[in-house]
Every structure is written in structure tokens, then in C-alpha cells.
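Each remark here refers to the structure printed beneath this line.
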Amino acid sequence: FDLPSLSLGSRLALIILLGTVATVSSVLLVAYGALVEDFEDILAEQQLYETQRIATEVNRRLQLRLDVLAESASLLSHGSELVSRDEMAIHLERHKSLNSLFPDGVMIFDDNATAIFENFYTPGRIGTNYADRKHFRQAMENRKPVISRPIIGRTTGVPLLSFLAPIESDEGDLLGLLGGTINLGKTSI
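This note's numbering puts the first residue of the sequence shown at 704, with every later residue one more than the last.
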């Protein structure tokens, strides 16, 4: 393909053809880059939205658990003292929502954060003191329901979330705590 042997018209046509191919190629490259960038932006936006939606749903479910626990805790005192152990058992048996929301255990603690009652037996849990745990101290000091960070259960040795709600007397004295646990290895939040 010898360029000097081509006529002036052929040379001009070849230059126009090569220029057109180069222009179309560069436009396609720019368009492709913009398309990929737009797709990445849309995908990132969708992932952010989905993450926010899931986080909102998890927060809503955690708050529901905490609200039910706080409501149940308010029913565990008779004026200035905790209800009897028999009444504790009846209360936990009647409130099926507690057992469904906290399938890995519902416990009652005294005012020093020592476990005094549980809805199902776990060896070594009754009589164990949890006052050294941050979320127990927080619930006892602030007198507000609290959710722990993921922790390892002291007697179970499994990863869990612990929910606590204070049980108060009619005068506002701390009588104990109602707690519920979720085993993160078994139960999805």
C-alpha cells in the first residue's frame, strides 16, 4: 500500500476515513468510561441505600426487643420489692413474646447484678454476678434499658447480645434487672 502512488482524492479519502475512525474510537472510549463511571455510581448508591435499609431494620428490631423487655420489667415488682420466684416463673411463662424475642434466655438479676432466676436452666448461671460488665453498670447507673456490644457469655461461652432493663420500686429504687440474650451464632438479628 504505497501512499505516493495514490491519487490526491484517494489520499484525502484515506485521511478522512482514518480521522473518522480515530474520532469515533475516542468518542466511544469517552462514552464507555462515562457509562462505567455512571454504573459504578449507581451501584454504590444502591448498595448504600440497601445497607441503610438493613441497618434501620436491625435497629428497629433491636429497639422492639428492648421495649418489650422494659415493659416486662415494669411488671416484676410489688411496690418496694421484687415479685416472688413463683410469680417470676408465671410472668416469664405468660409472656411468650419474651421467649420468642430472646430465644437464648431470659434472666432476672438482683440489685447487685447477680442472676437469681432464668427461664431455662444453664449450668452455673444462677448465682453468677455480672456487675463488672459495662452494660450492667450502665443499666444500674442510668436506670435505662441497654443493649451490650457483642460479648462472650460468661457461663455459656458463646457470642451474644445482652439486653437489660431495670426493675424499679414505686419510689424509683433499683430492685433488679430483667435481661434477655441472643446467641449471635444461632439467632439472626
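For every residue, glycine included, the Cβ atom is placed at its ideal position computed from N, Cα and C.
Listed in chain order, the non-local C-beta contacts of A868 below 6 Å within the same chain comprise L772, A773, A776, P848 and L881, local neighbours out to five positions each way being set aside. Contact annotation: the segment 734 to 751 does not touch the segment 841 to 855, with fewer than three C-beta pairs closer than 8 Å. As the crow flies, the alpha-carbon of R852 is around 24 Å from that of E871.
For H781, DSSP records a beta bridge to E784.
Shown here for Y833: same chain residues with a beta carbon closer than 8 Å to its own, the five before and five after excluded, namely F812, A816, T817, A818, F839 and R857 in chain order. The alpha-carbon separation between M843 and E748 amounts to approximately 42 Å. Judged by DSSP secondary structure, L767 falls within the alpha helix (DSSP H) whose first and last residues are L711 to A776. Checking the DSSP bridge columns, you'll see G882 partnered with M810 and L867. Under DSSP, F823 takes part in no beta bridge, so it has no partner.
Secondary structure at N815: coil, using DSSP grouped into helix, strand and coil.
Contact annotation: L864 and L804 have beta-carbon atoms that are not nearer than 9 Å. By DSSP's assignment, V849 forms a beta bridge with L867. Annotated three-state conformation of I829 is coil, per DSSP.
Taking the CA atoms as reference points, L765 sits about 21 Å from L751. Between the alpha carbons of N802 and I745 lies a gap of roughly 42 Å.
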